[in-house]
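In the working numbering, the protein residues as written are 36 to 480.
Rendered as structure tokens:
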């Protein structure tokens, strides 16, 4: 993306505040953060800001939430860059985008930051590259309701989900090392969200290895239903191409394809197509998957008189899908798939756009909608359980009291042991909090 090149550089030293530097910055500025410890939350609501950690003799600028703070970096501005930071011990997110476009999140180390590591939500034209992320309760990299995304050269491990492409389109996930998670790479539709589709996703040239970590996701959440030992999971997404990956040592299966009807912890959204259609499995190297598979997979194998360790497992309905070299793998449920008419995606380099996406113009009447899409849907769906309770439950509690809901999200109090603590949204102004409360209470799906 093209960026302003004549901005100022702000230097932040240990004992100083990154947030104060953001407040002083104007579009086009760079904030250089010197090695040392910083205990704060940074919110970027301006366009064209870069936060760059300075590395000296292996020492990095370290944002340490000390197990007390919820979020490290939140951005709603466009053309944001976050690079070379070390982020650890937050309870919510390391880096979360809230409707910001043209983002670049590169070369960060993220350890134990709660629910999500890197989480661009409702963004267009973004790059997540060269990051090392571990110890995440939901997804190390979670691309939500976004378009034209490139996720490459990351290492993700010791998390429930390695990389998720959720309700998003035109995404490439390539050259990543995805290991020792519960599930490696996921492409799916979460029902109950305002954007109802996932399609045009390429998963290629990744190492997807030994994703056998016991599932420690929030009980009842979508990711809590992922069986340990899943290499790639495709749920209800369309036009997903799986190509030239090395997929080994995943004890349940190398690739699982399912519809919503057969997926655990999933509700049915009448406005979303629950079937994964036009899935294309091209050449992949698969070895030693399915060696300790789940009982449901064993039962499906019996229906086809199959023996061995399943590499590829299809459950439910999938229309117009294809596979090449099927004889190489132990497969279940793909006997009716066609032979793919092409063998590679070499002609597709990236879905990143040649020109930056223009800044989103938010009219006053749309403020609540954009806040809902960019923030609330990261944890809430309409009918299903995600990180937080379904929107329907919130409506039952606050339908005639939007002001009460607006006040609550600014200073939430943990009320239920079966849900994690909600991070306060007090960085939003009072008008926006009321607008998003009114919008949430008006939703019908």
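No residue lacks a Cβ here, since even glycine has one placed at the ideal position from N, Cα and C.
These figures come from a predicted structure and were not determined experimentally.
Proximity below 7 Å, CB of residue i to CB of residue j
i: residue 211; j: residue 166; result: no
i: residue 115; j: residue 135; result: yes
i: residue 160; j: residue 408; result: no
i: residue 273; j: residue 313; result: yes
i: residue 325; j: residue 349; result: no
i: residue 191; j: residue 168; result: yes
i: residue 323; j: residue 283; result: yes
i: residue 255; j: residue 420; result: yes
i: residue 410; j: residue 133; result: yes
i: residue 80; j: residue 42; result: no
i: residue 277; j: residue 224; result: no
i: residue 47; j: residue 86; result: no
i: residue 68; j: residue 88; result: yes
i: residue 124; j: residue 100; result: yes
i: residue 253; j: residue 359; result: no
i: residue 468; j: residue 426; result: no
i: residue 137; j: residue 391; result: yes
i: residue 404; j: residue 474; result: yes
i: residue 424; j: residue 329; result: no
i: residue 194; j: residue 175; result: yes
i: residue 247; j: residue 264; result: yes
i: residue 413; j: residue 156; result: yes
In DSSP terms, what residue i is bridged to
i: residue 106; result: 128
i: residue 161; result: 184
i: residue 190; result: 167, 212
i: residue 265; result: 218, 288
i: residue 430; result: The partner list for residue 430 (beta bridge, DSSP) is empty, contrary to what the question assumes.
i: residue 98; result: 73, 122
i: residue 156; result: 133, 179
i: residue 45; result: 66
i: residue 78; result: 109
i: residue 348; result: 291, 367
i: residue 320; result: 281
i: residue 88; result: 68
i: residue 357; result: 315, 373
i: residue 174; result: 151, 196
i: residue 117; result: 86, 140
i: residue 206; result: 184, 236
Burial state of residue i (16 or more Cβ within 10 Å)
i: residue 270; result: buried
i: residue 36; result: Bear in mind that a pLDDT of 46 at residue 36, under 50, signals an unreliable position, so the number given afterwards is only what the model happens to contain. Flag for residue 36 reads buried.
i: residue 311; result: buried
i: residue 458; result: buried
i: residue 91; result: exposed
i: residue 201; result: buried
i: residue 429; result: buried
i: residue 434; result: exposed
i: residue 179; result: buried
i: residue 354; result: exposed
i: residue 320; result: exposed
i: residue 342; result: exposed
i: residue 107; result: buried
i: residue 172; result: buried
i: residue 440; result: buried
i: residue 154; result: buried
i: residue 74; result: exposed
i: residue 287; result: buried
i: residue 460; result: buried
i: residue 338; result: exposed
i: residue 121; result: buried
Residue from the options whose Cα sits closest to the Cα of residue i
i: residue 104; options: 195, 82, 127; result: 127
i: residue 145; options: 96, 59, 401; result: 96
i: residue 158; options: 366, 406, 462; result: 406
i: residue 386; options: 183, 123, 153; result: 183
i: residue 243; options: 204, 250, 289; result: 289
i: residue 64; options: 431, 45, 472; result: 45
i: residue 51; options: 61, 62, 77; result: 77
i: residue 208; options: 338, 275, 156; result: 275
i: residue 257; options: 119, 415, 205, 130; result: 415
i: residue 296; options: 318, 285, 352; result: 352
i: residue 140; options: 94, 189, 102; result: 189
i: residue 292; options: 55, 339, 251, 346; result: 346
i: residue 470; options: 480, 445, 437; result: 437
i: residue 119; options: 236, 82, 66; result: 66
Query raised in the report: Any contact of the segment 259-276 with the segment 215-231, i.e. 3+ C-beta pairs under 8 Å?
Result: yes
Query raised in the report: Is there contact here, the segment 225-235 with the segment 300-310, by at least three beta-carbon pairs under 8 Å?
Result: yes
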